[in-house]
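Asks:
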Amino acid sequence: MEFDFGPYRITVNMPTRAALMDEVRRRFRAGEGFALATINLDHLVKLADDPAFARTYAAQDLVVADGRPIVALSRLAGRPVELLPGSDLVFPLVELAAAETVPVALVGSSEQALADARRVLEARAPGLRVVWTHAPEYGFDPGGEAAAAILSELAARDVGLCFLALGAPKQEMLALRGRELAPGVGFASVGAGLDFLGGHQIRAPRWMRRLGLEWLWRMLSSPRRLVPRYARCAAILPGQVAAARRLRRAGR
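Counting in this note's numbering, the sequence shown runs from 95 upward without gaps.
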């Protein structure tokens with residue numbers, strides 16, 4: 095599945111969890127870093143409005159489908175991909191890191207949230223080595239000196255997997271910068287994925303997630319912030335449906 099934004103094409107190049115885990119394992123063993131992004135409708139809105147973000151996203155090494163609308167569009171285009179929310183990838187990735195003895199770091203959110211996430215992750219994956227946690231100050235600039243210091247610290251600690259919980263587009267921008275300044279680090283941009291672990295944000299119940307209603311849970315939990323966001327997401331759907339149909343016709 096792919097999305098075009100001006101000169102930039104973003105491809106969901108990891109269509110299944112198995113394919114993603116195999117590629118991450120290969121990179122762990124080869125000492126190769128990566129930038130993993132999880133595309134969803136909110137990202138599509140931002141990508142359409144921000145060419146710099148589109149350029150950043152197009153340069154991510156690994157992209158998965160985070161959201162049922164992305165999966166539905168992929169099926170409409172005849173290029174089906176599996177639903178892989180970033181929050182659901184945290185445990186599989188840390189378990190793989192523990193099995194491969196890859197040091198892990200957590201960056202973003204708050205110090206308390208990271209401490210709680212670390213406790214949960216270490217209990218989940220015996221042998222996991224979380225070697226650093228860091229919550230950047232408010233107003234963090236992924237292109238600034240503080241970001242360069244973070245990337246230098248990750249490289250110095252020989253981190254192989256770093257979860258970024260900074261929100262889009264900051265986390266993807268930092269990940270891409272890290273591909274140059276800390277090339278051995280695998281960056282996974284997971285948004286609120288770390289906050290969920292310690293209860294600092296409450297995720298929708300599992301039954302709502304199975305029914306594809308997580309968006310409704312989130313919207314009701316913060317309507318002033320999320321109703322306008324979801325309205326913008328809904329507004330781009332007709333254009334994305336048309337683009338998916340063109341992809342399907344082109345593939346015949």
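Every residue gets a Cβ at the ideal spot worked out from N, C-alpha and C, and that includes glycine.
#1: Restricting to runs no shorter than 4 residues, where is the alpha helix (DSSP H) found entirely within the segment 184-256?
#2: Note down, in chain order, each residue of its chain lying with its Cβ closer than 8 Å to the Cβ of R339, except the 5 sequence neighbours on either side.
#3: So what's L178 in DSSP terms, helix, strand or just coil?
#4: To the nearest angstrom, how far is the alpha carbon of D136 from that of E194?
#5: I'd like to know if the segment 190-207 and the segment 116-129 are in contact, where contact means that at least 3 CB-CB pairs between them fall below 8 Å.
#6: How about the segment 212-226 and the segment 147-166: do they share at least three Cβ pairs that are nearer than 8 Å?
#7: Could you tell me the alpha carbon to alpha carbon distance between D210 and T227, rounded to whole angstroms?
#8: Could you name each continuous alpha helix (DSSP H) segment of 4 residues or more that falls completely within the segment 258-343, going from the start of the chain to the end?
#9: So if DSSP puts D98 in a beta bridge, which residue, or which two residues, is it bridged to?
#10: So if DSSP puts V158 in a beta bridge, which residue, or which two residues, is it bridged to?
#11: Report the CB separation of G280 from F185 in whole angstroms; it is logged as a contact under 8 Å.
#12: So, are the CB atoms of G292 and L258 less than 7 Å apart?
#13: Rounded to a whole number of angstroms, what is the C-alpha to C-alpha distance between R111 and L177?
#14: By Cβ distance, which residues of its chain are closer than 6 Å to P163, with the 5 residues on each side in sequence left out?
#15: Alpha carbon to alpha carbon, how far is I244 from K264?
Replies: Taking the geometry as given:
#1: The qualifying runs are 205-218 and 239-250.
#2: In the sequence shown, residue 339 corresponds to position 245, counting from 1. Only L170 and A171 meet the Cβ criterion.
#3: Along the sequence shown, one-based indexing puts residue 178 at 84. In this structure, L178 counts as coil in the three-state DSSP scheme.
#4: To locate residue 136, count along the sequence shown from 1; it is residue 42. To locate residue 194, count along the sequence shown from 1; it is residue 100. The C-alpha of E194 is placed about 33 Å away from the C-alpha of D136.
#5: By the criterion of at least three beta-carbon pairs nearer than 8 Å, the segment 190-207 is in contact with the segment 116-129.
#6: At 8 Å Cβ cutoff, the stretches do not touch.
#7: Sequence index remark: in the sequence shown, residue 210 carries index 116 (1-based). Sequence index remark: in the sequence shown, residue 227 carries index 133 (1-based). For D210 and T227, the distance between alpha carbons rounds to 11 Å.
#8: Whole alpha helix (DSSP H) segments, 4+ residues: 264-275, 287-291, 300-304 and 308-315.
#9: In the sequence shown, residue 98 corresponds to position 4, counting from 1. According to DSSP, which records beta bridges pairwise, D98 is partnered with R103.
#10: In the sequence shown, the residue the question calls residue 158 occupies position 64. Residue pairing by DSSP puts V158 in a beta bridge opposite T132.
#11: For the purposes of this step, residue 280 is taken as residue 186 along the sequence shown, with counting starting at 1. For the purposes of this step, residue 185 is taken as residue 91 along the sequence shown, with counting starting at 1. Rounded to the nearest angstrom, the Cβ distance from G280 to F185 is 16 Å, too far for a contact under 8 Å.
#12: Taking the first residue of the sequence shown as 1, we reach residue 292 at position 198. Taking the first residue of the sequence shown as 1, we reach residue 258 at position 164. Not in contact: G292 and L258 (Cβ atoms no closer than 7 Å).
#13: Residue mapping note: residue 111 aligns to position 17 of the sequence shown, counting from 1. Residue mapping note: residue 177 aligns to position 83 of the sequence shown, counting from 1. Taking the straight line joining both Cα atoms gives about 9 Å.
#14: In the sequence shown, residue 163 corresponds to position 69, counting from 1. In chain order, L135 place their CB closer than 6 Å to the CB of P163, counting only its own chain and leaving out the 5 sequence neighbours on each side.
#15: Looking up residue 244 in the sequence shown gives position 150. Looking up residue 264 in the sequence shown gives position 170. Straight-line Cα distance between these residues: approximately 13 Å.
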